[in-house]
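Quick note: the sequence shown, position 226, residue 226 per UniProt numbering, numbers continuous. These notes are about the structure you will find just below.
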Amino acid sequence: MLSNSLIEADREHLLHPLSSFRGHEREGVRVMASAKGAWLTDREGHRLLDGFAGLWCVNAGYGHESIVEAAAEQMRRLPYATGYFDLGSEPAIKLAEALAERAPGDLDHVYFTLGGSDAVDSTIRFIRYYNHARGTPERDQFISLEQGFHGSSTAGAGLTALKGFHTGFGVPYEWQHKIPSHYLYRNPVGSDPETVIAASVAALTAKVDEIGKDRVAAFYAEPIQGSGGVLVPPPGWMKAMAQTCRELGILFVADEVITGFGRTGPLFACEEEGVVPDFMTVAKGLTAGYAPLGAVFMADHVYQTIADGAGDVAIGHGYTYSGHPVSTAVGLEVLKLYEGGLLDNGRRAGKRLMAGLESLGEHPLVGDVRGRGMLAAIELVTDKGAKTPLPAAAEAGKRVFDRAYKNGLIVRAFAQGVIGFAPPLCCSDEEIDEIVARTRRVLDETLADADVRAVM
Ligand code: PMP
């Protein structure tokens, strides 16, 4: 039994990310105690199948001894080395080299951060510096997508398009602009791939015209929009957007914080369309969540411009923990696991997951099933023809999560009635089938909810 003192201490002292302080006081915490493979156990002994890999990150599953050993060994030998003063450590150098070798095109230079938000924030700083270095400092305007998520740093939260990350925080800044998402299920231009791609290209071109052709620095997009509700663009969308950026003379930043490291199939989702962005951000799967680490990939042409522009002046951007030896040692071990079978297993399991979720398409509440690889969602509606979202009274975010939890399943229950899935890539066929079976139970219980019934 979980001691009340732990719940009380949490209530009084621990601020949880993305939480309502008052709501959390009421609800209290559910403490996770241990985990193995795709399974979590909470402090009360409930076993939970983790259909969300923590927070889209524990790609290798829990309890991998070789990762634990890599961290322990590095901690014993050299727990910390700064990258300042031209110092460094072996795992940071080796991981940068390994990543650069595997990244698309000329993304040859790697800057390590602690996670995704500071990776995105670092791209903003580098891009501004790049334009300063090439004598175009007036290119200081940034564009991203509606429904996009690019972290919650002070500047990055303004590229993020989710209102909850703006209200009360004074963002977006006037230099941060949005264009509509491809959101196929609810796109006003319809769901024909060619039409949706053409609309996105036209929207970006029009936004650059509106802001001023010489003012725009960069366009940011996730290969699949994650926190906006797992929105999968039509094939060819990213290639068309990257090409448009090139024609407009602006940089293209691919935010692969969720999609990187096998989540959609290949190591990086950009590979699927042969896209080479000017910057790429990663985190999460980079260490499979075993240690905090993110990275910015910088294209060689950007690097050369910054290097020439700065000359012998130190570029004033640096974190104490950039290239942390323990995190990068973990990253090296996790990369070995990806290439030793985890990517292959993820691709196989991803096909089974999509087929399983598609089999839920007949359920009266399921309006849309979408995904690629081990990244998927179902969108709940009360009227399939009219695509009517669940009523706010049904509290989809909270009640769906609670129902899943009671059924021994962790999923991402978005407030708008979207259920997100991102299981560990190590899942067996049986575990994938179990995720689908438990989700079906959650759907049936949601259908029986009086607040849902009231509108059907
Ligand atoms: N970019 C994307 C696409 C993300 O999904 C996230 C986190 N979900 C971030 C950036 C921010 O990463 P972090 O939470 O590690 O700061």
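Where a beta carbon is used, it is the ideal one built from N, C-alpha and C, also for glycine. None of these values were measured; they are calculated from a predicted model.
{"Item": "Per-residue DSSP class, three states only, for P91", "Value": "helix"}
{"Item": "Exposed unless 16 or more other CB atoms sit within 10 angstroms - verdict on G63", "Value": "exposed"}
{"Item": "Whole-Å CB distance - A283 paired with G408, under 8 Å assumed", "Value": "Not really, about 28 Å apart at Cβ, beyond 8 Å."}
{"Item": "Cβ-Cβ distance between F165 and S181 below 8 Å", "Value": "no"}
{"Item": "Closer than 7 Å: G116 CB and nearest the ligand PMP heavy atom", "Value": "yes"}
{"Item": "Beta-bridge pairing of V220 - partner residues as DSSP gives them", "Value": "Position check: residue 220 holds Tyr in this sequence, whereas Val was assumed. The partner list for Y220 (beta bridge, DSSP) reads V253."}
{"Item": "Proximal residues to A35 (C-beta, below 7 Å), its chain only, five neighbours per side dropped", "Value": "T41, Y62 and G63"}
{"Item": "Cβ pair I250, K207 closer than 8 Å", "Value": "no"}
{"Item": "Distance between V257 and residue 462 (C-alpha atoms, nearest Å)", "Value": "For residue 462 there is no data in the structure shown, the boundaries of the chain being 1 and 456."}
{"Item": "Any non-hydrogen atom of the ligand PMP within 7 Å of I258 CB", "Value": "yes"}
{"Item": "Beta-carbon separation (whole angstroms), L447 vs P364, contact threshold 8 Å", "Value": "6 Å"}
{"Item": "Which of helix, strand or coil DSSP assigns to T374", "Value": "Position check: residue 374 holds Met in this sequence, whereas Thr was assumed. If DSSP states are grouped into helix, strand and coil, M374 belongs with coil."}
{"Item": "C-beta atoms of F149 and G236 nearer than 8 Å", "Value": "no"}
{"Item": "Proximity winner among T205, S66 and Q147, relative to A240 (alpha-carbon distances)", "Value": "T205"}
{"Item": "Three-state secondary structure assigned by DSSP to G228", "Value": "coil"}
{"Item": "Burial state of I124, where buried means 16 or more other Cβ atoms lie within 10 Å", "Value": "buried"}
{"Item": "Cβ-based burial, V216 [other Cβ within 10 Å; buried from 16]", "Value": "buried"}
{"Item": "Proximal residues to F169 (C-beta, below 7 Å), its chain only, five neighbours per side dropped", "Value": "A157"}
{"Item": "Sub-8 Å separation of V436 and A71 beta-carbons", "Value": "no"}
{"Item": "Helix, strand or coil at R412 according to DSSP, with G and I counted as helix", "Value": "strand"}
{"Item": "Other residues of its chain near residue 487: CB distance less than 6 Å, five sequence neighbours each side excluded", "Value": "Only positions 1 to 456 of the chain appear in the structure, and residue 487 is not among them; the question remains open."}
{"Item": "Rounded distance between the beta-carbons of C427 and A38, thought under 8 Å", "Value": "5 Å"}
{"Item": "Local Cβ density within 10 Å of L15, reported as buried at 16 or more and exposed below that", "Value": "exposed"}
{"Item": "Close-in-space but distant-in-sequence residues of the same chain around R246 (CB under 7 Å, 5 per side omitted)", "Value": "none"}
{"Item": "Cβ-based burial, A404 [other Cβ within 10 Å; buried from 16]", "Value": "buried"}
{"Item": "Counted within 10 angstroms of its Cβ, other Cβ atoms place E333 as buried (16 or more) or exposed", "Value": "buried"}
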